[in-house]
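First the structure, in the form of structure tokens, and then the observations on it.
2 protein chains.
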Amino acid sequence: MVPLGGVGQFGMNTMAVTASDTTLLLDAGAMFPGLDHYGVDLAVPDLSFLEETGRQVSAVVLTHGHEDHIGAVPYVWDRIEGPIYGTPLTLALVASKLDAHGIDCAGRLVTVAPGERVTAGAVEIEFIRVTHSMPDCVAVALHTPAGTIVHTGDFKFDDDPLDGEPLDAPRLAELGNEGVLALFADSTNVARAGHAGSEQDVAGAFEEIFTRTRGKLIVAAFSSSIYRVQMLVSHAVRYGRKVALVGRGMRRTAEIAERLGHLAIPPAARIRDRDVSRYRADEVLCIVTGSQGEPLAALARIAADAHPHVRIDPGDVVVFSARAIPGNQRAIGRLKNDIARRGADIVDDTISPVHVSGHACEEDLKRMLALVRPRCFVPIHGEYRFLARHAQVAGEAMNGQTAVLMVENGDRIGFDGGGGWVQGSVPVGGVLIDNAHSGEVDGAVLRERRQLAAGGVVVLLIPLGAQGAARAGVPAVTTSGFVIDREADALLAEAPALVQRMIDDAPDGERSDHAALRERVRAGMERVFRKRTGRNPLVLPVIVET
Amino acid sequence: MVPLGGVGQFGMNTMAVTASDTTLLLDAGAMFPGLDHYGVDLAVPDLSFLEETGRQVSAVVLTHGHEDHIGAVPYVWDRIEGPIYGTPLTLALVASKLDAHGIDCAGRLVTVAPGERVTAGAVEIEFIRVTHSMPDCVAVALHTPAGTIVHTGDFKFDDDPLDGEPLDAPRLAELGNEGVLALFADSTNVARAGHAGSEQDVAGAFEEIFTRTRGKLIVAAFSSSIYRVQMLVSHAVRYGRKVALVGRGMRRTAEIAERLGHLAIPPAARIRDRDVSRYRADEVLCIVTGSQGEPLAALARIAADAHPHVRIDPGDVVVFSARAIPGNQRAIGRLKNDIARRGADIVDDTISPVHVSGHACEEDLKRMLALVRPRCFVPIHGEYRFLARHAQVAGEAMNGQTAVLMVENGDRIGFDGGGGWVQGSVPVGGVLIDNAHSGEVDGAVLRERRQLAAGGVVVLLIPLGAQGAARAGVPAVTTSGFVIDREADALLAEAPALVQRMIDDAPDGERSDHAALRERVRAGMERVFRKRTGRNPLVLPVIVET
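Taken in sequence, the protein lines are chains L and B.
Add 187 to a position in the first sequence, counting from 1, and you land on the number used in the numbering used here.
Add 187 to a position in the second sequence, counting from 1, and you land on the number used in the numbering used here.
Right, dumping it as structure tokens:
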């Protein structure tokens with residue numbers, strides 16, 4: 188097995204499983220680099236290691252429908268030859284995603300139910316119900332010739348889930364009794380003591396909010412938090428509010444969840460966002476996208492008074508019913524300021540328990556270990572410090588009865604009946620996807636953007652005679668995003684002479700090699716800028732044949 | 188009074204106070220935009236409103252020595268005619284800063300003690316001891332013809348401060364009894380219920396850490412947290428560890444604090460960082476800079492094994508004894524991963540109370556209001572949502588006996604005996620300072636850098652004949668940080684023809700106006716890029732006279 192993402196980072200959760208000549212992907216997740224990040228929208232795992240053997244992926248097994256587990260499917264589609272297995276909700280979300288990419292998935296998506304098994308090469312894959320922050324999630328047990336390997340996916344123990352479908356602990360215990368070779372388990376919340384809460388815990392906090400709110404109630408949540416949406420809808424019915432789903436993602440996910448029976452909104456309780464203004468403020472609940480401060484999402488537009496249908500007025504209450512993903516805090520802060528300016532009250536999980544995490548905390552992780560009692564344990568899903576902490580927790584909890592294996596993305600983990608170990612590694616990484624279109628951003632482009640962002644660009648025009656030798660005539664200088672103070676101004680004035688000297692100093696052969704000449708001038712002038720101005724603009728020499 | 192910074196934002200705390208023909212600055216703070224922010228290191232308040240009247244600043248009054256209260260002094264130095272008032276520690280930190288900028292402050296820094304008064308024009312300024320996260324902090328009472336205005340600076344009620352100098356609540360109560368026209372108070376922690384802790388609370392958490400740590404103990408803190416440093420030194424002496432201060436800022440601030448008697452490190456307990464490796468791990472405490480994940484600070488270099496003298500080994504304990512400033516979470520996360528990789532234990536304030544805030548919480552803020560009982564209250568120091576919350580807290584606490592005035596940076600607040608109100612506004616903003624040198628980054632440069640960061644740059648060469656008309660010859664294209672996929676490639680190939688058409692379409696007069704021509708091509712081509720590729724590179728046309 189080779190983790191291709193999610194091990195040593197949050198997101199892009201993807202594991203390659205190879206048994207004899209069959210390679211599966213266990214999840215195919217994307218990662219979001221956060222707002223304002225050099226025009227990169229998305230990272231997906233690099234599958235180039237498959238090229239070593241010329242192999243394709245013969246099946247994809249998905250644990251649940253979150254972006255960090257399914258978001259890469261459209262981008263790795265061309266490498267997949269066989270079926271995509273998942274529960275109905277997971278596959279409905281994948282289908283919608285493939286559709287948006289114009290990919291025809293006819294017949295390739297194969298629905299499985301918890302308890303079922305499918306076979307791919309020498310591996311039998313068993314799906315086991317787990318609870319998480321959305322319905323229809325599974326862990327998988329890979330029954331391999333070397334033994335059984337359990338991969339938890341994302342999970343928590345919610346003993347009282349809103350859909351009445353608890354985690355299948357009996358089956359995990361049974362596997363534990365039969366003997367499990369290895370356990371791969373989610374490390375996201377290992378740094379939190381105790382137990383993850385139940386979705387039911389949030390219901391109480393919202394009762395208080397529904398009771399006291401006199402204005403509109405606007406709740407921002409992830410559209411995939413279908414339990415949360417259902418709970419809000421039920422409260423709205425009880426407290427006499429109509430429900431408007433605001434934001435395309437919210438409506439699209441709700442539509443899928445309703446179709447599959449995971450969400451029920453009584454028609455009489457539902458209104459369109461364009462009709463919100465026709466109701467009294469205390470008759471409306473808006474469930475909106477944009478809890479992370481995304482500038483184009485519904486909540487940001489509402490807060491900026493730029494939404495066509497919904498506005499915030501004094502007395503309204505805006506609830507952030509989601510955690511703030513690290514890196515988004517500033518954007519969320521700006522959004523909250525905009526909301527406060529409109530006179531609304533803001534509630535988040537620092538004020539009231541309006542959110543519970545979907546990931547197991549320390550005591551839950553110990554419970555999972557105690558159920559499965561693996562011979563070998565591999566912490567996954569998290570940055571290095573979380574994996575290290577999970578390894579420590581497992582070591583203490585299992586009293587040395589379980590071997591702990593710390594791995595990172597790209598490590599090739601081999602198993603035999605006795606246990607697992609790292610056998611070298613394969614090249615991995617994130618393939619960066621540019622906004623709007625499907626272009627890949629390679630490392631060089633990203634480095635250039637970083638330099639441009641911090642220092643701007645200086646374009647140097649270099650007129651070269653037809654003979655390839657520098658001709659009389661000054662290189663013109665054009666800058667953008669570059670700060671011109673006294674020192675920089677003097678340097679720009681000298682630039683033509685400096686460039687001329689660099690060209691004169693070039694070996695004879697280089698003067699007719701424009702690429703080499705450009706590189707010489709770039710490196711030389713960037714050095715001069717750093718030394719004399721302390722700044723590091725990107726220098727872009729442009730040779731003009733005259 | 189006009190807030191020039193810090194009201195509607197965190198940082199850059201600066202207030203202009205004008206009485207008849209005298210203008211003072213109350214603090215002159217800087218703001219740090221966070222890591223990786225378009226090469227901008229620092230923002231300082233814009234004082235251009237002074238130009239309206241041709242006035243200079245006749246005095247600066249400083250409440251304490253934090254960067255967000257003194258960091259702008261070197262940058263506004265030229266606008267200051269009179270003295271800079273502050274306590275000894277505050278002024279020693281300012282002197283060190285001015286010195287680093289090569290500014291001779293001879294005789295301009297005037298030391299005051301709590302309880303003292305100085306006069307500037309029609310205003311008498313009284314300094315009142317407050318407690319905060321560093322020693323020698325004051326609030327000020329401005330005794331003006333219209334009445335007394337109290338400005339808290341940054342404060343908390345630490346009834347048991349390490350230096351035995353509590354907040355002068357009796358004097359504030361006295362002022363309250365005499366009648367206070369207006370109170371301006373710190374809103375930083377208004378969203379936290381209860382009371383801010385005492386520095387003494389942290390001592391207990393560290394006792395447990397000193398007791399159980401078998402390896403090196405490395406504590407990251409702000410160098411200005413002198414109480415924290417003193418407490419750590421005292422613990423080290425008690426637990427038999429030598430103290431190394433690692434990081435230039437840490438050593439420089441400690442040197443100033445020692446000179447002024449705020450810090451005592453027994454010579455026998457102190458070692459140089461280069462000697463750390465000569466001691467057993469359990470004999471060493473390193474107090475280091477870099478708690479915010481700054482890549483060049485001591486802790487980041489130690490964690491990357493790139494520090495010349497200090498390394499992290501398995502069994503060491505690294506403590507983050509500072510809060511994570513919003514926006515720095517990702518950098519701090521990366522740093523913690525590096526530390527975990529070296530096998531050290533990490534402790535932060537989510538695990539153990541190794542940090543207390545220096546700012547008053549909700550109940551403390553009510554206590555301040557109850558002491559001062561102002562006729563008018565103005566919340567300051569915080570983003571809008573915190574100011575709004577503080578206004579709400581004050582309204583409820585004072586039962587409508589105090590008028591609450593919500594203002595933002597630039598609002599001109601007028602007072603007479605009856606109260607205060609906003610009388611128009613002046614232009615304000617942050618002057619952005621480029622790294623390394625003192626260059627100012629204007630808004631246009633920042634906008635260009637944002638565009639460069641997200642989309643890269645496309646340079647278009649436009650050869651123009653001597654007559655000003657476009658000549659035959661193709662504009663060459665050079666890109667950097669730009670993603671070239673199929674669509675973009677096709678567009679770049681067409682670019683020469685598109686540019687030629689734009690030039691042909693230009694009105695006659697424009698063809699000889701190179702600036703207008705460049706702007707026409709830039710706007711036109713950026714539109715084409717957006718439409719056809721969904722991307723927004725910065726287009727930089729360069730005209731070559733041929």
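Each residue gets a CB set at the ideal place from its N, CA and C atoms; glycine is no exception.
For this session: Counting only the same chain and skipping the five closest in sequence on each side, list residues whose C-beta sits under 6 Å from that of residue 607 of chain B.
Result: By one-based count along the second sequence, residue 607 of chain B stands at place 420. So the qualifying residues of the chain are 369, 563, 592 and 600.
For this session: Go ahead and pull the three-state DSSP assignment for residue 479 of chain L.
Result: Residue 479 of chain L sits at position 292 when you count from the first residue of the first sequence. If DSSP states are grouped into helix, strand and coil, residue 479 of chain L belongs with coil.
Problem set entry | 8 Å Cβ cutoff met for residue 507 of chain L and residue 544 of chain L | Against the first sequence, residue 507 of chain L aligns to sequence position 320. Against the first sequence, residue 544 of chain L aligns to sequence position 357. Contact flag unset, no.
For this session: Excluding the 5 residues preceding and the 5 following residue 280 of chain L in the sequence, name in chain order all residues of the same chain whose CB lies nearer than 6 Å to its CB.
Result: On the first sequence, residue 280 of chain L is found 93 positions in, with the first residue counted as 1. Correct list, in chain order: 252.
Exercise. Taking any Cβ of chain L, which residues in the region 215-238 of chain B have a Cβ under 7 Å from it, in chain order?
Worked result: Residues are counted here when their Cβ sits less than 7 Å from a Cβ of chain L; for the region 215-238 of chain B these are 225 and 226, given in chain order.
For this session: Tell me where the beta strand (DSSP E) around residue 666 of chain L begins and ends.
Result: In the first sequence, residue 666 of chain L corresponds to position 479, counting from 1. Per DSSP, residue 666 of chain L belongs to the beta strand (DSSP E) from 664-667.
Problem set entry | Own chain, CB closer than 6 Å to residue 255 of chain L, minus 5 neighbours either side, in chain order | Numbered from its first residue, the first sequence carries residue 255 of chain L at position 68. Once the five neighbours on either side are set aside, the close Cβ partners of residue 255 of chain L are 198, 200 and 216.
Exercise. Does residue 668 of chain B come within less than 8 Å of chain L when only Cβ atoms are used?
Worked result: On the second sequence, position 481 is the one that residue 668 of chain B refers to. Answer yes: the Cβ-Cβ gap between residue 668 of chain B and chain L drops below 8 Å somewhere.
For this session: State yes or no: is the beta carbon of residue 284 of chain B nearer than 8 Å to at least one beta carbon in chain L?
Result: Here residue 284 of chain B is taken as the residue at index 97 of the second sequence, counted from 1. No, residue 284 of chain B lies away from the interface with chain L (no Cβ there is under 8 Å from its Cβ).
Exercise. Do we get a CB-CB distance below 8 Å when we pair residue 524 of chain L with the residues of chain B?
Worked result: As a first step, residue 524 of chain L is located in the first sequence; it is residue number 337 there, counting from the start. With a threshold of 8 Å between beta carbons, residue 524 of chain L makes contact with chain B.
For this session: Tell me whether residue 213 of chain B sits in a helix, a strand or coil according to DSSP, three-state version.
Result: Walking along the second sequence from the start, residue 213 of chain B turns up at place 26. Strand.
Problem set entry | Per-residue DSSP class, three states only, for residue 369 of chain B | In the second sequence, the residue the question calls residue 369 of chain B occupies position 182. If DSSP states are grouped into helix, strand and coil, residue 369 of chain B belongs with the strands.
Exercise. In three-state DSSP terms, what is residue 637 of chain B?
Worked result: For this step, residue 637 of chain B is matched to residue 450 along the second sequence. Of the three classes helix, strand and coil, the one that applies to residue 637 of chain B here is helix, per DSSP.
For this session: Per DSSP, which residues does residue 272 of chain L bridge with? Please list them.
Result: As a position in the first sequence, residue 272 of chain L is number 85, starting the count at 1. DSSP links residue 272 of chain L through a beta bridge to L/248 and L/297.
Exercise. Do residue 729 of chain B and residue 665 of chain L have their C-beta atoms closer together than 8 Å?
Worked result: Stepping through the second sequence from its first residue, residue 729 of chain B is reached at position 542. Stepping through the first sequence from its first residue, residue 665 of chain L is reached at position 478. The Cβ atoms of residue 729 of chain B and residue 665 of chain L sit closer than 8 Å to each other.
Exercise. Looking at C-alpha atoms only, which residue of L/247, L/210, L/257 and L/211 is the closest neighbour of residue 230 of chain L?
Worked result: For the purposes of this step, residue 230 of chain L is taken as the residue at position 43 of the first sequence. A check of alpha carbon separations from residue 230 of chain L across L/247, L/210, L/257 and L/211 identifies L/257 as the nearest.
For this session: Verify the contact flag: residue 523 of chain L, CB atom, against every heavy atom of the ligand ZN, threshold strictly below 7 Å.
Result: For the ligand ZN, the structure offers nothing, since it holds no ligand at all.
Problem set entry | Proximal residues, the region 699-729 of chain L versus chain B, C-beta separation under 7 Å | Against chain B - using a Cβ distance shorter than 7 Å - the residues of the region 699-729 of chain L are 720, 721, 722, 725, 727 and 729.
Exercise. Going along the chain, which unbroken runs of the beta strand (DSSP E) with 3 or more residues stay wholly within the region 465-549 of chain L?
Worked result: List check, beta strand (DSSP E) in window: 471-475, 504-507 and 532-534.
For this session: In the DSSP assignment, find the beta strand (DSSP E) that holds residue 421 of chain B and state where it starts and stops.
Result: For the purposes of this step, residue 421 of chain B is taken as residue 234 along the second sequence, with counting starting at 1. Boundaries around residue 421 of chain B are those of the alpha helix (DSSP H), 413-425, since no beta strand (DSSP E) includes it.
For this session: Return the bridge partner residues of residue 568 of chain B from the DSSP annotation.
Result: In the second sequence, counting from the first residue as 1, residue 568 of chain B sits at position 381. BP columns for residue 568 of chain B are empty, so no partner.
For this session: Round the Cβ separation of residue 345 of chain L and residue 385 of chain L to the nearest angstrom and send it over; I've been treating them as touching at under 8 Å.
Result: As a first step, residue 345 of chain L must be located in the first sequence, where it is residue number 158. As a first step, residue 385 of chain L must be located in the first sequence, where it is residue number 198. With a beta-carbon spacing of about 5 Å, residue 345 of chain L and residue 385 of chain L fall inside the 8 Å limit used to define contacts.
Exercise. At least one CB of chain B closer than 8 Å to the CB of residue 513 of chain L: is that the case?
Worked result: For the purposes of this step, residue 513 of chain L is taken as residue 326 along the first sequence, with counting starting at 1. Taking 8 Å as the threshold, the shortest C-beta distance from residue 513 of chain L to chain B falls below it.
For this session: Classify residue 288 of chain L as buried or exposed, calling it buried when 16 or more other Cβ atoms lie within 10 Å of its own Cβ.
Result: Within the first sequence, numbered from 1, the residue matching residue 288 of chain L stands at position 101. Residue 288 of chain L sits exposed, since fewer than 16 C-beta atoms from the chains shown fall within 10 Å of its C-beta.
Problem set entry | Per-residue contacts from residue 572 of chain L into chain A (C-beta, under 7 Å) | No chain A appears in this structure, whose protein chains are L and B.
For this session: Would you kindly report the start and end of the unbroken beta strand (DSSP E) that includes residue 311 of chain B?
Result: On the second sequence, position 124 is the one that residue 311 of chain B refers to. Residues 310-317.
Exercise. For the candidate residues B/605, B/632, B/550 and B/603, whose alpha-carbon lies nearest to that of residue 583 of chain B?
Worked result: Along the second sequence, read from residue 1 onward, the residue named residue 583 of chain B stands at position 396. The candidate whose alpha carbon is nearest that of residue 583 of chain B is B/550.
For this session: Quick one: list the residues of chain L neighbouring residue 575 of chain B, beta-carbon separation under 7 Å, in chain order.
Result: In the second sequence, counting from the first residue as 1, residue 575 of chain B sits at position 388. The answer, in chain order, is 527.
Exercise. If the cut is a Cβ gap below 7 Å, which residues of chain B does residue 635 of chain L touch?
Worked result: Taking the first residue of the first sequence as 1, we reach residue 635 of chain L at position 448. Within 7 Å Cβ-Cβ: 643, 667 and 668.
For this session: Give the secondary structure of residue 218 of chain B by DSSP, where H, G and I count as helix, E and B as strand, and everything else as coil.
Result: Indexing the second sequence from 1 puts residue 218 of chain B at position 31. Correct three-state label for residue 218 of chain B: strand.
Problem set entry | Cutoff 8 Å: residue 617 of chain L Cβ touching any chain B Cβ | Your numbering for residue 617 of chain L matches position 430 in the first sequence. For residue 617 of chain L, the nearest beta carbon of chain B is not closer than 8 Å to its own beta carbon.
Problem set entry | Under 8 Å between C-beta atoms of residue 390 of chain B and residue 418 of chain B | Reading the second sequence from its first residue, position 203 is the one you call residue 390 of chain B. Reading the second sequence from its first residue, position 231 is the one you call residue 418 of chain B. The Cβ atoms of residue 390 of chain B and residue 418 of chain B lie closer than 8 Å to each other.
Problem set entry | Own chain, CB closer than 7 Å to residue 224 of chain L, minus 5 neighbours either side, in chain order | In the first sequence, the residue the question calls residue 224 of chain L occupies position 37. Result list for residue 224 of chain L: empty, nothing under 7 Å.
Problem set entry | residue 709 of chain B - containing alpha helix (DSSP H), residue span | Along the second sequence, read from residue 1 onward, the residue named residue 709 of chain B stands at position 522. Boundaries of the alpha helix (DSSP H) around residue 709 of chain B: 701-720.
Exercise. In whole angstroms, what separates the C-alpha of residue 485 of chain L from that of residue 472 of chain L?
Worked result: Your numbering for residue 485 of chain L matches position 298 in the first sequence. Your numbering for residue 472 of chain L matches position 285 in the first sequence. The C-alpha of residue 472 of chain L is placed about 14 Å away from the C-alpha of residue 485 of chain L.
Problem set entry | Range covered by the beta strand (DSSP E) that runs through residue 197 of chain L | Numbered from its first residue, the first sequence carries residue 197 of chain L at position 10. Counting along the chain, residue 197 of chain L falls outside any beta strand (DSSP E), and DSSP gives it neither H nor E.
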